[in-house]
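Engineer: Below you'll find the structure I mean.
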Amino acid sequence: MAANPGPLRRAAQRILQGGGAARAAALAGQPTPLTHPGLLQPGELQPGVSAAEFASRRDRLAGMLPPGAVAVLPAAPLVYMAGVIPYPYRQSADFLYLTGITQPYALAAVDSSRRFTLFVADPDAWREQWDGARLGPEAAAELPSKLGSLLGDASAVLYDAEAKESCAVRQLPAFQEATAQQRVQPLRPLMHKLRWRKSPAELALMQHSAQLAAAAMSGCIQRSQPGVHEHQLAVVFEHGCKAGGAQRMAYPPVVAGGPDACTIHYSRNDKSVPGDQMVLLDGGCEYHGYCSDVTRTWPTGGKYSGAQRAVYDAVLEVHRACLEACQPGATLRQLHHISVRLLAEAIAQLGLLPGQAAGDIMQGSYRRFYPHSVGHWLGLDTHDSSTMSHDRPLEPGVVLTIEPGLYIPDDEAFGRYRGIGVRIEDDVAVTAAGHEVLSADVPVEAAEVEQLVGAAAL
């Protein structure tokens, strides 16, 4: 915290420092060990994550800043769907990572001297009657003078322009002057570097998020039957995640039956799936900010056809090979190259491109059947730390997805394989000994999947 925070709300400071239990009940908008004793232990800001860990994150950021620089991070704004009806609030991943605060109307500043200043909103009794308690009170009034002074004295201002144009920071003369003097630099690369490797506490949250998604996925497979509606499975998945404690979905689930599985981000979820077709479900949830992202493909009738099984087994072989190669020192790009090589061989063996050998297919024609990467970083965002290179060697604590797929267009030229789309995706944590599949609770072997289909009533 700032050495002399002036009238910044003491309660906000106490939350960040892990104390202030006597004031916690007055801050119902921010869970504390007093208001949520079954969720948080004393000294925690998130389940299992201490206030000391958040302070350590801010110190690490400060150590990465140029001398005399200041980093400025606004909380995510409220977004309204219509009139006064808000969308469910989701905090900025970077702001959450540094503060643990889950409310809007706040702004954090960290400078290279390791000084941390938190600005929070003025109290508004009328609005709090409608929306609930929030952090306050006087800091908003101090924003122009105090933050203006921080920016004016800074050698560089690190700030991400994705914030809304109405963000108060942009209106400050000191910020406009820093912009004119080209002292404003992007903060995102530093934050992504910090967030890329997870702490043990973060890994525990990610494990739980993946387990929730895996259990919900298994529930969807169990409740599948010929004619099941995509929307029904989407509801089963969301219910399974949220009933287990997830706060929200990580993204709108993809529930794609038959040829629609070949549309990577299909989201209509508005058709029934006959018993002779497969359904691809790509879904994940957020558990206290941390995302999961899991995909399975299964036959609603309970048995893969010969063509479906051939494609499924080809993708599963690639999935296994990429998992085996996922260990410290490997790179995500290397894993992708493994997936391309093996899928090119599968495309050739299935006869999808007559006259082309696997080596020829690897030159680019594979993209018609496999247009995406084998994986991405995972964390507080589904596509986490996006500025981190896929050429960076993996380290223990890094979490990524492994998700090879094969998508055969619904064209008669592909014979019995037409319209078959398969993707198998797991969440994987890199460990010193290799890797751990966080989402391993949902089956992946074809025979095990078949046995699970229809095992429970919808």
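Going by the UniProt record's numbering, 51 is the number at position 51 of the sequence shown; the sequence numbering is gapless. The beta carbon of each residue, even a glycine, is placed where N, CA and C say it ideally should be.
Give the range of the beta strand (DSSP E) segment to which Q46 is assigned.
Structural biologist: Looking at the DSSP string, the run of the beta strand (DSSP E) that includes Q46 is 44-46.
Engineer: Going straight from the alpha carbon of P404 to that of G375, what length do you get?
Structural biologist: So the alpha carbons of these two residues sit roughly 8 Å apart.
Engineer: Can you tell which of P74, R58, G275 has its C-alpha closest to the C-alpha of K303?
Structural biologist: Taking only the C-alpha atoms, the option nearest K303 is G275.
Engineer: Taking DSSP's pairing of strands, which residues face L378 in a bridge?
Structural biologist: Answer by DSSP bridge pairing: none, since L378 is not bridged.
Engineer: Can you tell me where the alpha helix (DSSP H) holding H319 begins and where it ends?
Structural biologist: Per DSSP, H319 belongs to the alpha helix (DSSP H) from 306-325.
Engineer: Can you say whether S224 is buried or exposed, counting buried as having 16 or more other CB atoms within 10 angstroms of its CB?
Structural biologist: When all chains shown are included, S224 counts as buried.
Engineer: With a threshold of 7 Å on Cβ separation, who are the neighbours of P144 within its own chain once the five nearest residues in sequence on each side are excluded?
Structural biologist: Same-chain partners within the cutoff: L172.
Engineer: Compute the distance between the beta-carbons of A455 and Q277, then report whether it is under 8 Å.
Structural biologist: Contact flag unset, no.
Engineer: Please report the Cβ distance between T401 and D426, rounded to the nearest whole angstrom; I am assuming they are in contact, meaning their Cβ atoms lie under 8 Å.
Structural biologist: With a Cβ gap of about 7 Å, T401 and D426 count as contacting.
Engineer: Any contact between the region 147-163 and the region 66-84? By contact I mean 3 or more CB pairs, one from each, below 8 Å.
Structural biologist: At 8 Å Cβ cutoff, the stretches touch.
Engineer: For S209 versus Y287, is the C-beta distance shorter than 8 Å?
Structural biologist: A contact, by the Cβ cut-off of 8 Å.
Engineer: Can you tell me which of the three DSSP states V340 falls into?
Structural biologist: Three-state result, V340: helix.
Engineer: Given a threshold of 16 other Cβ atoms within 10 Å of its Cβ, counted over all protein chains shown, does V442 qualify as buried or as exposed?
Structural biologist: Burial call: buried.
Engineer: Which same chain residues, not among the five before or five after E436, have their C-beta less than 8 Å away from its C-beta?
Structural biologist: Same-chain partners within the cutoff: V428, A429.
Engineer: Put R197 into one of helix, strand or coil per three-state DSSP.
Structural biologist: R197 falls in the strand class under three-state DSSP.
Engineer: Among A447, L150, P186, S365, which one has its Cα closest to the Cα of A161?
Structural biologist: Among A447, L150, P186, S365, the Cα nearest to that of A161 is on P186.
Engineer: At the level of alpha carbons, what is the spacing between L8 and S56?
Structural biologist: Note on L8: pLDDT 35, under 50, position unreliable in the model; no value is reported.
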